[in-house]
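The structure appears below as structure tokens.
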Amino acid sequence: MSSGELGLAMAAFMLAPVVGGLLTGIDRKLSARMQGRIGPPILQPFYDFFKLWGKDTLVTTRENLIWAWGYLLLTMVAVFMFFFQQDLLIIFFVLAFAGACLIFGAFSVRAPYSHLGAHREILQMLAYEPILLLAAVAVFLKTGTFMITGVFEFGEPLLPYLPLTFVAILIALGIKMRKSPFDISACEHAHQEIVRGVYTEYSGRHLALITLTHWFEIVLILGFITLFWAQPLWIGLLIALGVFVLELIIDNISARLKWSWMLGVSWVVGIGFIIANMVLIYCAGGFIRV
Amino acid sequence: MGLINKSRVKSPWIVHYCCGGCNGCDIELLACLTPLYDVERFGILNIGNPKHADILVVTGPVNHRNARVLRTLYDQMPNPKAVMAVGTCASSGGVFHNCYNVLGGIDKVVPVDVYIPGCAVRPEAIIDGVVLALDKLNLKKSTKVG
Amino acid sequence: MARVTFPFGPQHPVLPEAIQFQLTCEDEKVVEVLPVIGYMHRGIEKAAEKNPFPDNVFLCERVCGICSFIHGATYCQVIEKMMDIQIPPRAEYLRVLWSELSRMHSHLLWLGLLADSFGFESLFMQCWRAREKVLDVLEITSGQRVIQSAAVIGGVRRDVNEELSSSIGAILSEFKREWDAILPVFEKDYTIRIRTVGKGILPQDKAWKLGAVGPTLRGSGWDVDMRTTGYGAYSDLDFAPVVKSGGDSYARMICRAREVGTSYELVRQVLGKLPSGEIAVKVNGFPNGEAVVCTEQPRGELFYYAKGNGTAYLERLKIRTPTFQNIVPLLTMLPGCELADVPVIVMSIDPCIACAER
Amino acid sequence: MGLIMGVETLIAVLVIMPFAAALLTLVVKDARIIKPLVIASISVLMVASVLLLIRVLESGPIAFSPGNLWDILILVLDFVLLAYFLYIGFTSRHPLILTLAGAQAVMLPVLKFYILPSTAKVDPVLYIDLLSVIMALVISIIGGLIIIYALDYMRDHEAHLKLDKTRQHIFFFFMIAFLGAMNGLVFANSLLWLFFFWEVTTLCSFHLIRHDLNAEAIRNALRALWMNLLGGAALVLGMILLWQASETLAIQQLMGLGTVGAALLLPIALFCFTGFTKAAQVPFQSWLLGAMVAPTPVSALLHSSTMVKAGVYLVLRLAPAYEGTQLSVAIAIFGAFVFMVTSVVAISQNNAKRVLAYSTVSNLGLIICCAGINSDLAIAAAIALIVFHAVSKAVLFLVVGSIEQRIESRDIEDMEGLVAKLPLLSGMAILGMVTMLFVPFGVLFGKWASIQAAAVPFSAWFPLVVGLLAIGSATTMVYWTKWIGRMISVVSFNRDAKVEPKSFLSYTTILLMVAGAVVLSVFVAPLVNILITPAESTMGYAKAFETAGWHLRSDWGLFTPWPLFIAITLALLLPALLIRVRGDQYREPYLCGANDPSGVGPTFHSIADQGVAVRTGGAYWEALFGERGLTNWINGAALLLLVVLFVGVFV
Amino acid sequence: MLSSEILSIAELPERVEQLLQEDARIAMATCLDLGDQFEVIYHFNKGLELINLRVRIDRGEELPSISHLTLNAALIENEMREFFGINITDIAIDFKGGMLLAGNSPKAPMLKSLKI
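Residue numbers (the numbering used here), protein chains in the order written: chain A, 1 to 290; chain B, 1001 to 1146; chain C, 2001 to 2358; chain D, 3001 to 3651; chain E, 4001 to 4116.
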């Protein structure tokens, strides 16, 4: 990597939370418009963040707070590795560790809603982990490497080869964005049978941390989606934005469904599609030879 | 702290607890969230969890059983926080003042910052009350040192 | 097996009101439910003995703020029955007007809350947006959005003139257009069907025996509607109760959704047929004796028993609200369902705890 | 150093000395003597294994053939063993054992006296390359530490059972003998020798599982016996077929045979089948699950470093022989399938030892899958997984054993909030699970490499394999996360801290192994450089990793353990050290406002204002992942895969 | 006055059972404080028709629960017991006197003698 690229990666990493926050703001604005409301200003997520940052923190257990930091910092590590074009599998492994921190945070206090949320969060990971790993494998089949650099070296857009994988990623994105029909462990809005699930016991500054982490996560997954059309990059960014809006529309036209349904869809449709995609690539012979 | 104070005004999250009212104020409170009034314009969210909320919105009079619930909810909110008594009953007991199980207004249990009269309260009045509560909230400091 | 025991309520994001269920779950499957109520009990029945009987109209309207007009009107009815007062036909019609508007706004409110309980936020917003139209009608006719205070003993307090009547018609037409877009969503949407069909089944025989009333009963295939007894002006109006078999949350939801249409038609009929004349008669004397009146409230059968003793104060006023009757059926629906279904099933009886606990 | 002791001495120390020490413990019976005796002999064993490593690193693989007399001795002992198995089958009236032991007792003489010419000689009898040495290190060091741990454990165990007569000497006899047998097994080049040691491990495991002598233990021991005898029978049959196809019984010669036909693949498939039975792969997982009735050190020994590892060792050892065949693909699919289904079933288990058992079967499935994928990267992954899994799993078993002795339960539900009660033990347990679960620890390094290896289209079936691996990885996550979650669930305002009763030996051995797991993970790059890559190349595979500094670069990806370690340590350690909480910040958990502050632990007001304690039991999703519902299906599917595997040999 | 059948306590369960077999169900029970006696009116739904049973009990006298015959009488009886302090035994769902009233609410608040 040249120093110019390094600087660019660093800048992208620094911008990630800003972009994530703005996207969340757009999310809230667009959702409100879809619901016939005017909605909050685009900058609302930042107001929320700073307000929470300035509030007192109530503590149920100290460990709870430690894991919140772990969740944030590890997600940041994953995002950092993403912009530094590292190994996709490792990035997803780190992301899984970060997700586990959130789960441990929820488990670390003996509170029923927290625990229920944690169990559902585990199920969500069970649903999207295989999709992400397999999507990385599908990308590998075309580019011949798990390194993100390879995607850029590949020189062609990936989407025409990996349409089914792309669809599967949408499921993972929906789960990660905590949007209907997959907002089962902790949705962005309240009014849920398990209160706010894994977030329930957090307050003040540590809730702000989790919000921030969420922004990073969105950027990471949308970044991964961008890779499907990395050359030229702006098309990829447009696609990512389009997919983001698509998620919002789906969120607004569907009810929250249950974990069994989620697991069924992500395993049957998600994994099934990616494997079908791999078979297609294999049959077409356009995979990397060893 | 300028940024944080500004944000505080822009993002009041409320937690709603219905003490023992007749639901009239509750549904008006909910109506505030919906398209006609849309308080999310002002960053107001009904967050449903005291640990995340800034403003405790209470409707209905306090009775013998829910008094301690109200107190618990208040205690579980992080500072700075404000309490709004929505409706005449929440303010004073209202039409239920002579009921045997009613203690009276919610100020018998928690300190109230804003009283919003009305039976039932109109959504406009609730929005007005939130604005008042925000002013009060801004005067309060978090208990944090520094 | 590992179990989770925790309180669901009294303060809970999906419950607009204070009620608590002590839930015990196993892998998110509910195995035991205990209802804990009394968080909203005020003691209205005792207070009704302390107020002069005409003042109780206001108290009764505040038994429940959602269907407050029907509470007030039913109280008037029971006193009128005891005192043998015949109220003018125009008042009867106007009472039906406000009753049906109340039913519409109550059902719309409930449909929105149900949508919210299964995480369909935009549908919640749409329902409440349509509901604002009904509230507009209530406001221009009574001056108040939710607690109308329009009924008095002997008639009603406010009149609806020609001009008002035509603006009501215009608003209702707008409402109808919005509502026609919303109803099919409840009936057909895939995700809603997943969340409601087969959830919280109340079999037909159990529904009656356990005392279910209103849409909860009609959703289990019973054609029981107090309005068919023909109290007030209902005997002159043409309508049929909405009945749906199935007994699950979906059936109850559809019952209420379609009742919005029925009420809309009733309001139209009332406006068309509104007889001319006085809107109230003067009331003399004090109530003496006993009377029972049953009316149909949005949530089901409302039961008022009153006993007078010839003074300005009632000897006893007994109010039984539909939710009180529907709690026991609810308790039989919950065990065996998933935790995620609990809000949907609880909402499916349209609980009004303020009513039930008075 | 390595030159001080001759090769012969080293081998003798590693293989024969344990038997001698074992006999000695059996004779002296006195716990006071057993303890120093065991510690001394284990120490010698460990040193010898390291010396052997140095020796092999310096001068390459060792080929060694003891005198003819040894061959005869082995043969005689073979018959003694089989006679003993027949005796067990006869006394326990177990037809399967009788049949299987009988089949071996018939086939072995047929092979020896009828098929093999009297001049037949396997040369060398022992062949010790780096793979064998890695196995010997795992066996001697981890197995040794487990036995040292057992010293205190068994004392407490017998105290708990209130035995009036100690049976420890029998226990340690088999435990130590086991190590010798395992070392012999991994050194053997002659299949006849391998068969002998194989049967010795079967015998030892049988006795160790039934050690407590209750009805369940005896029943499960018999089950383990017949399943292992099935493998033994396949081994003998395989030897007969092998000799007829290629006139050799030396493993190393199998590699050089080049073109492989059905005649040769069938015995190899049989050997792999033998490996599957020993590695408790589905549908033979039940013997390993049943083995949980034994005292914990037995489970630890059987699962982490010895018994089951012998199974995967055999499959891995033979990998070059079936490279590029359909058999290889079938093995990969079978392994991936086992990896996935057992980790799915593990989700529904609340018995800690059963979770560990399923996890073991699952990880062994992954190793077998890697052997089946059979590329440079896959074999490297398999070797790495053997090492890392052995360490982490040993830690977990021992920790669970200690926890069980403290809280008298092995139910994960009973471990709720254990970090407050037994901080040191649960800390080690959590660390052990973390090393199994997260980057950049070694097991994840293995998983990373294996997913990469599976992603390369090594066969048309690769999407199936990689799909199974992906689901398996996610399900693995589920049961560990749930378990850790249970242990860290505490109540801040009511800590019932308990002083941990210390058992110095137990704690140090666990601590040593936890440290080992972490250190090995940190130094994964040198480990790969020094051990795994050379081990691979002696097996005939190319180098899988370039090590640039501390990074490991495969052909397709980059594993950067050090930056990750630093990042993760900082991410978790810094907040842990820096966060300060004032007393007035504590609040009770959210209970919908119904909190009852007078309760012990989270309590809420319920009917008639009575306090009801919150219960936060774990979820096991019995309906979806339940053992009862799934076992028959997965056994059926696995049998089908095995049939396909054998049929595939002829295609 | 309300048309009703006047029964003794002993006759009550039998009559209730009979009504239930005729597909009637309990709608409500109203309790009246008559000073030294209570009058309990059981209102039954039979289709849309209302059937009323009147029972008089002395203060302190035990009233048998009918919740075992029809479960939805349980809440009604719990409420009656709390409001009037009537000794109703053996209710199917027993709130132990804490259904609507909290620990420090006034006891038996509906009694006429109690002026609150």
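Each residue gets a CB set at the ideal place from its N, CA and C atoms; glycine is no exception. Predicted, not measured: the structure shown is a model, and the values here were computed from it.
The beta carbons of B:Gly1129 and B:Val1062 sit no closer together than 9 Å. Under the DSSP assignment, D:Gln3252 falls in the alpha helix (DSSP H) whose first and last residues are Ile3251 to Met3255. Under DSSP, C:Glu2061 takes part in no beta bridge, so it has no partner.
Around the CB of D:Arg3582, fewer than 16 other CB atoms lie within 10 Å, so the residue is classed as exposed. The way I'd put it, the region 117-129 of chain A does touch the region 3460-3479 of chain D; three or more beta-carbon pairs between them come closer than 8 Å. If you draw a straight line from the Cα of C:Arg2218 to the Cα of C:Glu2265, it is about 19 Å long.
Contact note: E:Ala4102 reaches chain D through Asp3609, using a C-beta cutoff of 8 Å and chain order.
Distance from the CA of C:Leu2172 to the CA of C:Ser2142, rounded to the nearest whole angstrom, comes to 16 Å. Taking 9 Å as the threshold, the shortest C-beta distance from C:Glu2163 to chain D does not fall below it. Residue pairing by DSSP places C:Glu2026 opposite C:Lys2029 in a beta bridge. In this chain, the beta strand (DSSP E) harbouring D:Ala3063 covers Ile3062 to Phe3064.
Rounded to the nearest angstrom, the Cβ distance from B:Cys1018 to B:Thr1059 is 5 Å, consistent with a contact under 8 Å. Judged by beta-carbon spacing, D:Asp3152 lies beyond the 9 Å limit of D:Ser3537, meaning their Cβ atoms are not closer than that value. Boundaries of the alpha helix (DSSP H) around D:Val3338: Gln3326 to Ile3347. Under the three-state reduction of DSSP output, D:Thr3360 falls in the helix class.
The beta carbon of C:Val2270 sits closer than 6 Å to those of Tyr2093, Val2096 and Leu2097, all from its chain and outside the five residues before and after it, given in chain order.
Ranked by how close their Cα comes to the Cα of A:Ile210, the residues A:Met10, A:Gly20 and A:Met278 have A:Gly20 in first place. Inter-segment contact for the region 3366-3376 of chain D and the region 3405-3421 of chain D is absent: fewer than three beta-carbon pairs are separated by less than 8 Å. Between C:Gly2300 and C:Ser2249, the CB-CB gap reaches or exceeds 9 Å. If you draw a 10 Å sphere on the C-beta of D:Met3428, you find 16 or more other C-beta atoms in it, and that means buried. Per DSSP, the unbroken beta strand (DSSP E) holding C:Gly2308 starts and ends at Gly2300 to Asn2309. Here C:Gly2072 is near C:Ala2151, since their CB atoms are less than 9 Å apart. With a threshold of 16 other beta carbon atoms within 10 Å, D:Ala3460 falls short and is exposed.
Contact annotation: the region 2238-2257 of chain C touches the region 2215-2229 of chain C, with at least three C-beta pairs closer than 8 Å.
Judged by DSSP secondary structure, E:Asp4058 falls outside any alpha helix (DSSP H) and instead within the beta strand (DSSP E) spanning Glu4049 to Asp4058.
Using a Cβ-Cβ cut-off of 9 Å, C:Arg2003 counts as an interface residue toward chain D, since at least one Cβ of chain D sits closer than that to its own.
Interface annotation, B:Arg1065: in contact with chain E, CB-CB separation under 9 Å.
If you look at D:Thr3435, you'll find it in the alpha helix (DSSP H) that goes Pro3423 to Leu3437. Taking 9 Å as the Cβ-Cβ cut-off, the region 1091-1108 of chain B approaches chain E at Asn1098, Cys1099, Tyr1100 and Asn1101, given in chain order. Counting along the chain, the unbroken alpha helix (DSSP H) around C:Arg2177 starts and ends at Glu2162 to Lys2188. Proximity of D:Trp3480 to chain C, defined by a Cβ-Cβ separation below 9 Å, is not satisfied. In this structure, A:Leu23 is the residue among A:Met14, A:Leu23, A:Leu15 and A:Glu5 with its C-alpha nearest to the C-alpha of A:Ala240. Runs of the alpha helix (DSSP H) lying entirely within the region 166-230 of chain A, each at least 4 residues long, are 204-226 in chain order. Restricting attention to alpha helix (DSSP H) runs no shorter than 4 residues, the region 3517-3564 of chain D encloses them at 3524-3527 and 3533-3538, ordered along the chain.
Taken in chain order, the members of the region 2118-2134 of chain C whose beta-carbon sits within less than 9 Å of a beta-carbon on chain B are Phe2124, Met2125, Gln2126, Cys2127, Trp2128, Arg2129, Arg2131 and Glu2132. Within the same chain, Thr2323 come within 6 Å of C:Pro2351 by CB-CB distance, once the 5 residues on both sides are set aside.
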